[in-house]
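Residue numbers (full-length UniProt numbering): 1 to 86.
See below:
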């Protein structure tokens, strides 16, 4: 069984930026089913980003698990890649 990478997005409350980057990531065969960890200090914006990321993943035929965190430390646990957006 192949391990799917975990990609953590810090500052994921920036929904437009996050949507564009995740769209690019999920179109790469090696990353198509990656675990996507979204982290932001604003729970409302984080929730909106989670909805957008989930819809995008489904549209692209990805089986990605979308995780959300308000704790940076928890979001970074076992991350293979980190994208920071401020």
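Think of the CB as a built atom: it goes at the ideal place given N, C-alpha and C, for glycine as much as any other residue.
beta-carbon residue i near the ligand MN non-hydrogen atom, thresh 7 Å
i         : result
residue 4 : The ligand MN is absent from the structure shown, which contains no ligands of any kind.
Per-residue DSSP class, three states only, for residue i
i          : result
residue 1  : With a pLDDT of 42 at residue 1, under the threshold of 50, the modelled position of that residue is not reliable, and no figure is offered here.
residue 59 : helix
residue 33 : coil
residue 50 : helix
residue 18 : helix
residue 27 : coil
DSSP beta-bridge partners of residue i
i          : result
residue 82 : 8
residue 38 : 9, 68
Whole-number beta carbon distance between residue j and residue i, since they are thought to touch under 8 Å
i          : j          : result
residue 27 : residue 60 : 6 Å
residue 37 : residue 6  : 6 Å
residue 70 : residue 40 : 7 Å
residue 64 : residue 34 : 6 Å
Proximity to residue i [Cα-Cα], best of the options
i          : options        : result
residue 83 : 11, 33, 5      : 11
residue 62 : 31, 16, 14     : 31
residue 48 : 9, 24, 35, 15  : 15
residue 46 : 79, 68, 29, 74 : 68
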